[in-house]
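**Q** Numbering-wise, the sequence shown is residues 404 to 533 according to the numbering used here. Even glycine gets a Cβ: it sits at the ideal position worked out from N, Cα and C.
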Amino acid sequence: MPTLRVALLIEQDGVEVVNLVRRLSVDEVSAFEYEEANDGNTTAFSAPPTADLDTLSFVLLRTDRAVTLRLNDGTADATTRPTLPLGAGGFVLIVDTSIGAPAGSAGANNVRVNNNSGATAVVRGLAGGT
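1. Roughly how many angstroms separate the alpha carbons of glutamate 419 and valine 498, rounded to a whole number?
2. Is alanine 530 helix, strand or coil when you go by DSSP?
3. Rounded to whole angstroms, what's the CA-CA distance from serine 520 to valine 409? Just pull it up for me.
4. Answer yes or no: do asparagine 518 and aspartate 467 have a C-beta to C-beta separation smaller than 8 Å?
5. Taking the alpha carbon of phenylalanine 494 as the point to measure from, which residue in Arg484, Pro485, Ser449 and Ala524 has its own alpha carbon closest?
6. Should asparagine 422 be labelled buried (16 or more other beta-carbon atoms within 10 Å of its own) or exposed?
7. In this structure, does DSSP put serine 501 in helix, strand or coil?
8. Under 7 Å Cβ to Cβ from alanine 522, same chain only, skipping five residues before and after it: list those, please.
9. Is glycine 493 near the ligand GDP, judged by its Cβ being under 7 Å from some heavy atom?
Right, here's the structure in full:
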């Protein structure tokens, strides 16, 4: 069983304000890097290559272009799911969670990405879970 160690240090003007260390054991870990084509709209979401993980306990996703994320995106009306805009060079880190695909949906719907930035986005990340 792989164990992930996450260390997060945030400083303000050289002074430490947050110092967190978290260890998390997961069944599987999936590292990925892929190109997300610009789709020219705000409604077409696609899955990063984490589909083999039915439930995510850990997600790190970073991108070089502005993209929009959606979590648990497998309902009949997925447009009702909240979205998370992520700026160019930004990242999102979710630790010690349980992001499962909705009932009757595949793991590919845990996290989905929309790229409407006008150019291809390089998306990198690491996901862990079951």
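**A** Concretely, from the data shown:
1. Counting only the Cα atoms, valine 498 lies some 21 Å from glutamate 419.
2. Collapsing the DSSP output to three states places alanine 530 in a strand.
3. Approximately 30 Å between the Cα atoms of the pair.
4. Remark: C-beta atoms of asparagine 518 and aspartate 467 do not approach each other more closely than 8 Å.
5. It is Ala524 whose Cα lies nearest to the Cα of phenylalanine 494.
6. For asparagine 422, the number of other beta carbons within 10 angstroms of its own is below 16, and it is reported as exposed.
7. In this structure, DSSP gives serine 501 an extended state, which the three-state scheme calls strand.
8. Once the five neighbours on either side are set aside, the close Cβ partners of alanine 522 are Asn441 and Arg468.
9. Within the structure as shown, the ligand GDP is missing, as the structure has no ligands at all.
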